[in-house]
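In the working numbering, the protein residues as written are 332 to 430. C-beta atoms are modelled at their ideal positions from N, C-alpha and C, and glycine is treated no differently. Just so you know, these numbers come straight off a predicted model, no measurement behind them. The block underneath contains the structure these notes are about, expressed in C-alpha coordinates.
So, in C-alpha coordinates, the structure goes:
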(Lines of atoms letter the chains of each structure in order from A and count residues from 1; the text may use other names and numbers.)
(Lines give C-alpha, C1' and ligand atoms only; values in the text may rest on other atoms or scores of the structure.)
Protein backbone atom coordinates (compact mmCIF):
# COMPACT_ATOMS: atom_id res chain seq x y z
CA UNK A 1 0.00 0.00 0.00
CA UNK A 2 2.82 2.54 0.43
CA UNK A 3 3.25 2.32 -3.34
CA UNK A 4 -0.26 3.63 -4.02
CA UNK A 5 0.19 6.30 -1.36
CA UNK A 6 3.26 7.50 -3.21
CA UNK A 7 1.31 7.75 -6.45
CA UNK A 8 -1.54 9.56 -4.72
CA UNK A 9 0.94 12.06 -3.27
CA UNK A 10 2.22 12.91 -6.74
CA UNK A 11 -0.73 14.47 -8.56
CA UNK A 12 -1.53 12.74 -11.80
CA UNK A 13 -1.93 15.01 -14.79
CA UNK A 14 -4.66 14.45 -17.31
CA UNK A 15 -4.04 12.03 -20.18
CA UNK A 16 -1.22 10.03 -18.62
CA UNK A 17 -0.28 6.73 -20.20
CA UNK A 18 0.68 3.92 -17.83
CA UNK A 19 2.50 0.80 -19.02
CA UNK A 20 5.13 -1.75 -18.06
CA UNK A 21 8.30 -1.72 -20.13
CA UNK A 22 10.34 -4.75 -21.24
CA UNK A 23 12.51 -4.61 -18.12
CA UNK A 24 9.61 -4.86 -15.65
CA UNK A 25 9.55 -1.18 -14.74
CA UNK A 26 6.39 0.86 -14.35
CA UNK A 27 6.35 3.83 -16.73
CA UNK A 28 3.90 6.71 -16.35
CA UNK A 29 4.15 8.97 -19.39
CA UNK A 30 2.60 12.44 -19.26
CA UNK A 31 0.96 14.19 -22.19
CA UNK A 32 3.60 16.90 -21.73
CA UNK A 33 6.29 14.37 -22.66
CA UNK A 34 8.02 13.59 -19.37
CA UNK A 35 8.06 10.12 -17.81
CA UNK A 36 8.05 8.76 -14.29
CA UNK A 37 9.80 5.38 -14.10
CA UNK A 38 9.36 3.22 -11.03
CA UNK A 39 11.85 0.36 -11.07
CA UNK A 40 10.54 -3.18 -10.61
CA UNK A 41 6.84 -2.29 -10.35
CA UNK A 42 5.72 -3.20 -13.88
CA UNK A 43 3.29 -5.83 -12.56
CA UNK A 44 1.17 -3.05 -11.05
CA UNK A 45 0.61 -1.17 -14.31
CA UNK A 46 -3.09 -2.05 -14.57
CA UNK A 47 -3.69 -1.20 -10.90
CA UNK A 48 -2.03 2.20 -11.27
CA UNK A 49 -3.87 2.96 -14.50
CA UNK A 50 -7.19 2.29 -12.76
CA UNK A 51 -6.14 4.50 -9.83
CA UNK A 52 -5.18 7.39 -12.11
CA UNK A 53 -8.46 7.27 -14.02
CA UNK A 54 -9.49 7.38 -17.66
CA UNK A 55 -6.97 8.51 -20.25
CA UNK A 56 -9.44 10.36 -22.46
CA UNK A 57 -11.66 13.24 -21.36
CA UNK A 58 -15.40 12.92 -21.59
CA UNK A 59 -16.81 14.71 -24.62
CA UNK A 60 -20.29 16.17 -24.44
CA UNK A 61 -21.88 17.24 -27.71
CA UNK A 62 -24.74 19.71 -27.59
CA UNK A 63 -26.64 19.96 -30.84
CA UNK A 64 -27.83 23.53 -31.26
CA UNK A 65 -30.59 24.23 -33.75
CA UNK A 66 -29.34 25.13 -37.20
CA UNK A 67 -31.58 28.19 -37.42
CA UNK A 68 -31.33 31.44 -35.55
CA UNK A 69 -33.57 34.42 -35.13
CA UNK A 70 -32.74 37.14 -37.62
CA UNK A 71 -34.24 40.60 -37.77
CA UNK A 72 -36.68 41.30 -40.56
CA UNK A 73 -36.42 43.71 -43.43
CA UNK A 74 -34.07 46.64 -43.06
CA UNK A 75 -34.27 49.79 -45.09
CA UNK A 76 -30.92 51.08 -46.26
CA UNK A 77 -30.90 54.54 -47.72
CA UNK A 78 -28.26 56.67 -49.23
CA UNK A 79 -25.76 54.44 -51.04
CA UNK A 80 -27.89 51.81 -52.73
CA UNK A 81 -26.36 52.72 -56.07
CA UNK A 82 -23.02 51.42 -54.79
CA UNK A 83 -24.47 47.96 -54.24
CA UNK A 84 -26.56 47.74 -57.43
CA UNK A 85 -29.86 48.21 -55.59
CA UNK A 86 -32.40 49.89 -57.89
CA UNK A 87 -34.60 52.73 -56.67
CA UNK A 88 -37.74 51.93 -54.68
CA UNK A 89 -36.51 48.43 -53.80
CA UNK A 90 -36.13 47.29 -50.20
CA UNK A 91 -33.37 44.69 -49.86
CA UNK A 92 -34.04 41.76 -47.54
CA UNK A 93 -30.93 40.97 -45.53
CA UNK A 94 -31.35 37.36 -44.51
CA UNK A 95 -28.99 34.45 -44.72
CA UNK A 96 -29.74 30.76 -45.23
CA UNK A 97 -29.59 30.10 -41.46
CA UNK A 98 -32.36 32.55 -40.59
CA UNK A 99 -35.87 31.37 -39.79
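- prompt: Thinking C-beta only, is residue 355 closer than 7 Å to residue 384?
  reply: no
Extent of the continuous beta strand (DSSP E) to which residue 367 belongs: 366–369
- request: Please name the residue, chosen from 417, 349, 394 and 382, that lies closest to residue 367 on a Cα-to-Cα basis.
  value: Distances from the alpha-carbon of residue 367 to those of 417, 349, 394 and 382 put 349 closest.
- prompt: Alpha carbon to alpha carbon, what distance is there between residue 363 and residue 378?
  reply: Spanning the two alpha carbons is a distance of roughly 22 Å.
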